[in-house]
């Protein structure tokens with residue numbers, strides 16, 4: 521039995537950052553990761569970085585879609601391999617011990633790590649941190665249970681052949697990012713949206729702009745649609761229900777983008793006295809403690825918003841709890857920006873117009889079509905809409921929603937203004953460089 525100060529399960533953003541920070545404070549830290557292909561976590565290897573790399577590559581001019589796509593996948597792999605090694609070296613350089621193996625709680629204070637050769641090492645610790653992330657939900661598709669052309673987003677990232685016809689099950693943000701990417705690569709994409717409202721949690725005026733733009737680019741969006749099953753020969757034949765009527769689609773691939781669930785299976789958390797919610801997420805308090813106070817959780821595994829920058833903020837909370845005064849909690853977390861890397865990107869912060877109306881706030885709305893912004897013309901992307909919601913009287917910004925080039929950067933200007941409690945006039949009258957997308961805030 522080995523004892524350490526802190527044992528961290530999972531090499532995600534919170535886990536790796538905490539491991540390095542604690543090791544620099546001369547703590548004895550062990551970081552356990554079951555796959556050497558996941559050093560750095562989901563973001564670096566199968567999500568944020570590789571998908572955004574493909575999004576950029578998909579927009580580049582090319583003569584052969586298949587060759588361009590295959591080259592882009594190869595370049596993506598090279599990028600993630602470099603980042604994995606960089607992350608490993610950075611954490612190892614702090615003195616934290618990295619162990620490749622599968623961790624499982626034996627009881628409330630003991631973790632067993634099973635190594636590749638079948639041998640085991642048992643650990644006790646002052647604190648345990650679970651940072652195992654989330655995994656794609658993979659619902660069964662009748663008739664295609666063994667098909668190698670039905671993918672989750674993880675498997676899609678390794679696909680070497682560009683599908684001419686791609687059907688995406690789901691219409692959330694992951695689905696839309698892949699729809700945008702593969703449309704730009706040259707696939708014809710069909711989205712099966714289970715609901716009747718497109719992007720129901722987004723500002724609906726912006727959602728309508730995104731939908732219209734995707735359709736104009738050749739994406740087919742079917743509402744109230746379900747994949748019933750299918751069969752496979754040279755191509756896939758899919759049985760689909762659309763608004764209650766069954767029809768048939770053919771495709772070269774199916775992407776299941778119906779969400780992700782916390783990766784808690786197999787951790788033995790029930791033996792450690794850790795409570796899980798109905799989705800399998802670790803239930804935590806504002807200090808990220810589970811029902812076993814020695815076991816903390818960070819990142820996607822605890823449920824809530826699945827963003828790497830939330831995981832980074834979880835690190836700040838954990839660091840405050842374990843080495844500081846404990847003042848940093850989830851209650852300190854205020855405004856969080858959201859970005860979806862479509863083409864152009866969609867970014868938002870604060871209240872939607874629907875939320876402002878439901879809360880009976882005294883507000884007004886200002887809009888600016890992207891076609892009227894000089895830099896958008898320079899970028900050859902005069903598509904989309906910028907929208908801001910202002911509170912009458914205080915003149916403060918309640919929310920901002922941009923479907924526009926560079927919106928993923930501009931949204932942070934809005935966030936700073938909102939956090940500082942500035943009136944919208946502070947941005948309206950600010951001097952911005954020209955030509956930039958940020959200067960659109962003067963007109964907006």
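Numbering (the working numbering), first residue to last: 521 to 964. Built from N, CA and C at the ideal position, the CB exists for glycine as well.
In angstroms with no decimal places, state the Cα-to-Cα distance between residue i and residue j.
i: residue 515; j: residue 595; result: Outside the modelled stretch of the chain, which goes from 521 to 964, sits residue 515, for which no answer is possible.
i: residue 650; j: residue 697; result: 28 Å
i: residue 753; j: residue 720; result: 36 Å
i: residue 741; j: residue 860; result: 18 Å
i: residue 659; j: residue 527; result: 33 Å
i: residue 691; j: residue 539; result: 36 Å
i: residue 960; j: residue 603; result: 35 Å
i: residue 925; j: residue 615; result: 42 Å
i: residue 530; j: residue 950; result: 44 Å
i: residue 723; j: residue 733; result: 16 Å
i: residue 786; j: residue 622; result: 9 Å
i: residue 729; j: residue 905; result: 7 Å
i: residue 640; j: residue 735; result: 54 Å
Could you have a look at residue i and say whether DSSP puts it in helix, strand or coil?
i: residue 556; result: helix
i: residue 645; result: strand
i: residue 966; result: Absent from the structure is residue 966, since the part of the chain shown begins at 521 and ends at 964.
i: residue 975; result: Given a span of 521 to 964 for the chain in the structure shown, any question on residue 975 remains unanswerable.
i: residue 894; result: helix
i: residue 688; result: strand
i: residue 703; result: helix
i: residue 944; result: coil
i: residue 522; result: strand
i: residue 694; result: helix
i: residue 807; result: coil
i: residue 821; result: helix
i: residue 840; result: helix
i: residue 617; result: strand
The beta strand (DSSP E) that contains residue i, what's its start and end?
i: residue 710; result: 708-712
i: residue 535; result: Where residue 535 is concerned, there is no enclosing beta strand (DSSP E), although the alpha helix (DSSP H) it sits in stretches over 533-544.
i: residue 767; result: 765-771
i: residue 922; result: 917-923
i: residue 859; result: 858-860
i: residue 740; result: 740-742
Could you spell out the range, first to last residue, of the alpha helix (DSSP H) harbouring residue i?
i: residue 724; result: 724-736
i: residue 593; result: 585-612
i: residue 875; result: 873-878
i: residue 963; result: 960-963
i: residue 625; result: Note, residue 625: premise wrong, no alpha helix (DSSP H); beta strand (DSSP E) at 622-627.
i: residue 927; result: 927-940
i: residue 570; result: 568-578
i: residue 564; result: 562-565
Less than 7 Å separating the beta-carbons of residue i and residue j?
i: residue 919; j: residue 909; result: yes
i: residue 619; j: residue 552; result: yes
i: residue 863; j: residue 707; result: no
i: residue 943; j: residue 907; result: no
i: residue 683; j: residue 750; result: no
i: residue 812; j: residue 645; result: no
i: residue 896; j: residue 902; result: yes
i: residue 743; j: residue 716; result: yes
i: residue 532; j: residue 653; result: yes
i: residue 788; j: residue 591; result: no
Does the beta carbon of residue i come closer than 7 Å to any beta carbon on chain D?
i: residue 849; result: No chain D is present in this structure, which holds just one protein chain.
- prompt: Any chance the stretch 660-680 sits against the stretch 827-845, with 3 or more Cβ pairs inside 8 Å?
  reply: Two segments are said to touch when three or more pairs of C-beta atoms, one from each, lie closer than 8 Å; by this definition the stretch 660-680 does not touch the stretch 827-845.
query = Do the stretch 846-855 and the stretch 687-706 touch if we need at least three Cβ pairs shorter than 8 Å?
reply = The stretch 846-855 vs the stretch 687-706: no contact.
Checklist entry - Taking three-plus beta-carbon pairs below 8 Å as touching, is the stretch 816-823 in contact with the stretch 789-806? => result At 8 Å Cβ cutoff, the stretches touch.
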